[in-house]
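For the sequence shown, the positions run 631 to 962 when my numbering is used. Built from N, CA and C at the ideal position, the CB exists for glycine as well. To start, the structure itself, in structure tokens.
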Amino acid sequence: MTNPAPLCEIWRGPLAESLHMGHAVICDDTGQIVEAWGDPEATILPRSSAKMLQALPLIESGAAKARGLTSEQLALACASHNGATIHTERVNQWIADLGLSDDDFRCGAHLPFGKAESEAIIRSGESPCQVHNNCSGKHAGFLTLTQYMGWGPDYVDPDHPLQKAALQAFEEVTGEASPGFGIDGCSAPNFATTMHGMARAMARFASAHDGGDARQTAAVQLWQAMVKHPELVAGETRACTELMRACTEPVALKTGAEGFFIAIIPGRKLGVAVKAADGATRAAECTIAALLVRLGVLEGDHPATRKVMNAPIRNWRGIETGMVKPVANLLS
């Protein structure tokens, strides 16, 4: 990855023991870069941070309105959820309302992220279902659009009309032709763009106006659903959920695998994209929190902030041995 910059340091006692490098870009409503660290033109896979972009055709097509989707369902369409009961019950009801079942998903099954839910499945001797997949809300959205349009069932195929619609929306909002894709953990294509392109897309969400064209209306509905239901976007103990609750004004946040994170800040008409070059979640969470503090939408001493930024590291006896902290120039 070309020219990454220092983003996050791991301190032990008096020494910076480790260093996470990466890229971060802040864009305004014109799509121009306000500030950047690392290489804004680095090509990346935004992973689950792109779910809002993938959900745009669900609303623009009229499928969401025709099926009466609620703000909770739109939040789940953007979610990487814990697989807790509040998530699985809602997704199961959603697909049941479509006359579909778990077998219609194409995301695969994994144990819930939530410890209690995961342990309950293990103790029962049962296996997780596809609804437990953190992307099942996104796939429920895919199924909704596929059914509404009368398309075939293999909606994760890159040549499927749904994925072609998702790619068109992705390229239009990022303002760039995608150079390709990788297959995500949930089997759907994940389209590549640049750091600048992803930050530009988030700024377009942030500056969209409800009642404007179909694209802007869809963008507003999606970020508002995320802010209204932070517990559905991720879940308890997760950075997305806790930082959205902690922000002093509406901010939509979304993590992605391999150290990606985005922020949509409507009050400032700003979009933010972060990528830890080594894929470390702790680096992406620390960096996004630092940038939110820098932009004045998050208090540095809030407990949610302190869980990921200037977060204490403790050993097995509970002794504080160091901390995870942003590099100085992220905050000043």
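Where Glu866 and Glu872 are concerned, what is the direct C-alpha to C-alpha distance, given to the nearest angstrom?
The residue you call residue 866 lines up with position 236 of the sequence shown. The residue you call residue 872 lines up with position 242 of the sequence shown. Cα-Cα distance, rounded: 7 Å.
Taking the C-alpha atoms as reference points, what is the distance between Ala869 and Thr878?
Counting from 1 along the sequence shown, the entry for residue 869 is found at position 239. Counting from 1 along the sequence shown, the entry for residue 878 is found at position 248. If I take the Cα positions, the gap works out to 16 Å.
Anyone know if the C-beta pair for Glu747 and Gly713 falls short of 7 Å?
Numbered from its first residue, the sequence shown carries residue 747 at position 117. Numbered from its first residue, the sequence shown carries residue 713 at position 83. Against a cut-off of 7 Å, the Cβ pair of Gly713 and Glu747 comes out as a contact.
Cβ atoms of Gly771 and Val721: under 7 Å apart, would you say?
Translated into the one-based positions of the sequence shown, residue 721 becomes position 91. Translated into the one-based positions of the sequence shown, residue 771 becomes position 141. No, the pair does not count as a contact, with Cβ atoms beyond the cut-off.
So, does the stretch 677 to 684 touch the stretch 815 to 822, judging by three or more C-beta pairs under 8 Å?
yes
Classify Lys905 as helix, strand or coil using the three-state DSSP reduction.
As a working note, residue 905 is residue 275 in the sequence shown. If DSSP states are grouped into helix, strand and coil, Lys905 belongs with the strands.
Phe835 to Val923, Cα distance in whole Å?
As a working note, residue 835 is residue 205 in the sequence shown. As a working note, residue 923 is residue 293 in the sequence shown. Rounded to the nearest angstrom, the two C-alpha atoms are 20 Å apart.
Quick one: what's got a C-beta closer than 8 Å to Ile663's C-beta in the same chain, skipping five residues either side?
Within the sequence shown, the letter at position 33 stands for residue 663. Correct list, in chain order: Val655, Ile656, Cys657, Pro670, His826 and Ala829.
To which residues of the same chain is Ser691 closer than 8 Å at the C-beta, ignoring the five residues directly before and after it?
To locate residue 691, count along the sequence shown from 1; it is residue 61. Excluding residues within five positions, the ones whose Cβ falls inside 8 Å are Leu775, Tyr778, Met779 and Ala795.
So Glu647 is in the beta strand (DSSP E); what residue range does that whole segment cover?
What you label residue 647 is simply residue 17 of the sequence shown in a count that begins at 1. Per DSSP, Glu647 belongs to the beta strand (DSSP E) from Leu645 to Cys657.
Under three-state DSSP, which class holds Lys681?
Along the sequence shown, one-based indexing puts residue 681 at 51. Lys681: helix per DSSP, three-state reduction.
Jot down the residue ranges of each uninterrupted alpha helix (DSSP H) in the stretch 889 to 959, minimum 4 residues, whole runs only, in chain order.
911 to 924 and 933 to 936
Pick out the complete alpha helix (DSSP H) segments inside the stretch 767 to 822, 4 residues or longer, and give them in chain order.
791 to 804
Of all the options Asn945, Gly661 and Ala635, which has the alpha carbon lying nearest to the alpha carbon of Gly901?
Reading the sequence shown from its first residue, position 271 is the one you call residue 901. Selected option, being the one with the closest Cα: Gly661.
Give the DSSP bridge partners of Ile674, in chain order.
The sequence position of residue 674 within the sequence shown is 44, counting from 1. Looking at the DSSP assignment, Ile674 forms a beta bridge with Thr823.
Here's a check: name, in chain order, each residue in its chain whose Cβ is nearer than 8 Å to the Cβ of Ala575, leaving out the five neighbours to either side.
Since the first and last residues shown for the chain are 631 and 962, residue 575 lies out of range.
Name the residue from Glu756, Glu888, His769 and Met874 whose alpha carbon lies nearest to the alpha carbon of Gly812.
Within the sequence shown, residue 812 is the residue found at index 182, counting from 1. That would be Glu888, whose Cα lies nearest to the Cα of Gly812.
When we look at the beta-carbon of Lys745 and count the other beta-carbons within 10 Å, is it buried (16 or more) or exposed?
On the sequence shown, position 115 is the one that residue 745 refers to. Exposed: under 16 other Cβ atoms inside 10 Å.
Which runs of the alpha helix (DSSP H) spanning at least 4 residues fall entirely within the stretch 680 to 749, listed in chain order?
681 to 690, 693 to 696, 701 to 707 and 715 to 727
Return yes when the Cβ of Pro956 is within less than 7 Å of the Cβ of Glu950, no when it is not.
The residue given as residue 950 occupies position 320 in the sequence shown. The residue given as residue 956 occupies position 326 in the sequence shown. Not in contact: Glu950 and Pro956 (Cβ atoms no closer than 7 Å).
When the Cα of Ala893 is compared with those of Met832, Cys916 and Ala934, which residue comes out closest?
Walking along the sequence shown from the start, residue 893 turns up at place 263. Of Met832, Cys916 and Ala934, the residue nearest in Cα terms is Met832.
Quick check on this structure: which residue in Asp908, Leu741 and Ala958 has the alpha carbon closest to the alpha carbon of Ser754?
Here residue 754 refers to the residue found at position 124 when the sequence shown is read from its first residue. Closest option to Ser754, Cα to Cα, is Leu741.
Beta-carbon proximity list for His932, same chain, < 7 Å, skipping 5 on both sides:
Within the sequence shown, residue 932 is the residue found at index 302, counting from 1. Contacts found: Ala876.
Starting from the Cα of Ile640, find the closest Cα among Val938, Arg947 and Ser962 and give me that residue.
In the sequence shown, the residue the question calls residue 640 occupies position 10. Per the Cα distances, Val938.
Identify whether Arg868 lies in helix, strand or coil by the three-state DSSP scheme.
Position 238 of the sequence shown, counted from the first residue, corresponds to residue 868. DSSP places Arg868 in coil when its eight states are reduced to three.
Label Ala807 either buried or exposed according to how many other C-beta atoms from any shown protein chain fall within 10 Å of its C-beta, with 16 as the threshold for buried.
Residue mapping note: residue 807 aligns to position 177 of the sequence shown, counting from 1. Exposed, because fewer than 16 other Cβ atoms sit within 10 Å of the Cβ of Ala807.
How long is the line joining the alpha carbons of Tyr785 and Ala882, rounded to whole angstroms?
As a position in the sequence shown, residue 785 is number 155, starting the count at 1. As a position in the sequence shown, residue 882 is number 252, starting the count at 1. C-alpha separation (whole angstroms): 27 Å.
Over the uninterrupted alpha helix (DSSP H) stretch that includes Glu861, give me the two end residues.
Working through the sequence shown from its first residue, we reach residue 861 at position 231. Start and end: Pro860 to Val863.
By DSSP's criteria, Ile663 is part of a beta bridge. Which residues make up the other side?
In the sequence shown, residue 663 corresponds to position 33, counting from 1. For Ile663, which the question treats as bridged, DSSP gives the partners Cys657.
Within its chain, find whatever has a CB closer than 7 Å to the CB of Ser837; leave out the 5 residues flanking it on each side and keep chain order.
Translated into the one-based positions of the sequence shown, residue 837 becomes position 207. Excluding residues within five positions, the ones whose Cβ falls inside 7 Å are Asp659 and Lys899.
Cys638 - partner residues in DSSP beta bridges
The residue given as residue 638 occupies position 8 in the sequence shown. His650 and Pro956, per the DSSP bridge assignment.
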